[in-house]
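Heads up: the sequence shown is residues 140 to 413, going by our numbering.
Where a beta carbon is used, it is the ideal one built from N, C-alpha and C, also for glycine.
For clarity, every value in this text was computed on a predicted model and none was experimentally measured.
Structure first, commentary second.
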Amino acid sequence: MTKAWNEIDSLVRIASGAKAPLEKRDPAGDDLFPDRAHAEAATVENAKAIDKLQDRLWAERKRALLVVLQGIDTSGKDGTVRSVFNQSGPLGVSVTAFGRPSEEELAHDYLWRVHAAVPKKGMIGVFNRSHYEDVLVVKVRGLAPAETVERRYEQVNAFEKHLSENGVTILKFMLHISKDEQRQRLQERLDEPEKNWKFNPGDLEDRALWDEYVKAYDAVLERCSTAHAPWRVIPADKKWRRNAIISAIVRGTLEEMNPSYPKPDWKPTDFKIV
Ligand code: ADP
Numbered sequence: 140m141t142k143a144w145n146e147i148d149s150l151v152r153i154a155s156g157a158k159a160p161l162e163k164r165d166p167a168g169d170d171l172f173p174d175r176a177h178a179e180a181a182t183v184e185n186a187k188a189i190d191k192l193q194d195r196l197w198a199e200r201k202r203a204l205l206v207v208l209q210g211i212d213t214s215g216k217d218g219t220v221r222s223v224f225n226q227s228g229p230l231g232v233s234v235t236a237f238g239r240p241s242e243e244e245l246a247h248d249y250l251w252r253v254h255a256a257v258p259k260k261g262m263i264g265v266f267n268r269s270h271y272e273d274v275l276v277v278k279v280r281g282l283a284p285a286e287t288v289e290r291r292y293e294q295v296n297a298f299e300k301h302l303s304e305n306g307v308t309i310l311k312f313m314l315h316i317s318k319d320e321q322r323q324r325l326q327e328r329l330d331e332p333e334k335n336w337k338f339n340p341g342d343l344e345d346r347a348l349w350d351e352y353v354k355a356y357d358a359v360l361e362r363c364s365t366a367h368a369p370w371r372v373i374p375a376d377k378k379w380r381r382n383a384i385i386s387a388i389v390r391g392t393l394e395e396m397n398p399s400y401p402k403p404d405w406k407p408t409d410f411k412i413v
């Protein structure tokens, strides 16, 4: 029996202030979408529905949806974008990948580049990595003083509250994979010639810091899951299950937002096309 999207959502959503150690969360998620064929069919259907809802969002042009994707290397951020938004017209969805900040970006506060990429009204914006890198990689690799990082959790919450009070609905997904699954995915990048380009020796340095990253994610989940922007921890060892869960939540959220086509202030019968 298929679970309704909000039932699935309630199983992956982190309550505000709750301790949610990743270690206690199963990256397999067998009970959510147990059947692969069904999950794949649901993802296609959800992606089509998301496209239709995006059309309404654009026509209405009053609100935006921001989808934040975070996860350790190989967790499937790119693949999620490809599967969940592959039916959506390129005009309605913007995807921003956040890499190491440029000199110009570093010359501003860390949220400057992030705020500039927030989707405008009518759009769905996807962040492939995000401002959370500023409390993840920056913390783990000591790229800023600990006190600076410490202050950022509250700053991020305030920033997201500001966005949510100004027409931006925020969905934050942490793609949760096991260390063993990451080993296999990295190995594929070495073994399969068409995946060699994805291999980055720096990923091995981050893999060696796995436990540090888990701790940094635990802090994010505990401190930045708020009523206005809760985190969802998505079991991501199976790509097809990850896609089905995320597409269901994106679709369900858009349906709840229920954007509507504006009513014209004229009647179609007022005009005659000759
Ligand atoms: P990806 O691994 O997401 O496919 P890249 O290989 O371009 O893409 O990696 C982006 C890198 O940029 C990651 O190692 C990430 O940790 C790093 N990065 C992102 N944001 C920041 C930041 N604010 N400060 C330092 N490094 C960052």
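Which residue from H270, V151 and Q226 puts its Cα closest to that of L205? Taking the first residue of the sequence shown as position 1, residue 205 is located at position 66. Checking every option, the nearest Cα to that of L205 belongs to H270.
Please determine, among Q326, N335 and R252, the residue with the shortest C-alpha to C-alpha distance to F298. Here residue 298 corresponds to residue number 159 of the sequence shown, with the count starting at 1. Considering only alpha carbons, the answer is R252.
CA nearest to the CA of V276, picked from V223, D345 and Q321: As a working mapping, residue 276 is identified with position 137 in the sequence shown. Of the candidates V223, D345 and Q321, the one whose C-alpha sits nearest the C-alpha of V276 is D345.
Any contact of the region 324 to 334 with the region 273 to 293, i.e. 3+ C-beta pairs under 8 Å? no
Three Cβ pairs or more, each shorter than 8 Å: is that satisfied between the region 176 to 194 and the region 240 to 254? no
Secondary structure at N335, three-state DSSP: helix, strand or coil? For the purposes of this step, residue 335 is identified with residue 196 of the sequence shown, where counting begins at 1. Helix at N335.
Any Cβ of chain C within less than 8 Å of the Cβ of W349? The structure shown contains no chain C; it holds only a single protein chain.
Determine the direct distance from the alpha carbon of V207 to that of S399, and round the result to whole angstroms. Taking the sequence shown and counting its residues from 1, one reaches residue 399 at position 260. Taking the sequence shown and counting its residues from 1, one reaches residue 207 at position 68. Their Cα atoms are separated by approximately 24 Å.
Looking at the secondary structure, which residues open and close the alpha helix (DSSP H) in which H270 lies? The residue you call residue 270 lines up with position 131 of the sequence shown. No alpha helix (DSSP H) holds H270; DSSP gives it neither H nor E.
The beta strand (DSSP E) spanning W405 covers which residue range? Taking the first residue of the sequence shown as 1, we reach residue 405 at position 266. No beta strand (DSSP E) holds W405; DSSP gives it neither H nor E.
What residue does the beta strand (DSSP E) around F312 start on, and which one ends it? What you label residue 312 is simply residue 173 of the sequence shown in a count that begins at 1. V307 to H315 is the extent of the beta strand (DSSP E) around F312.
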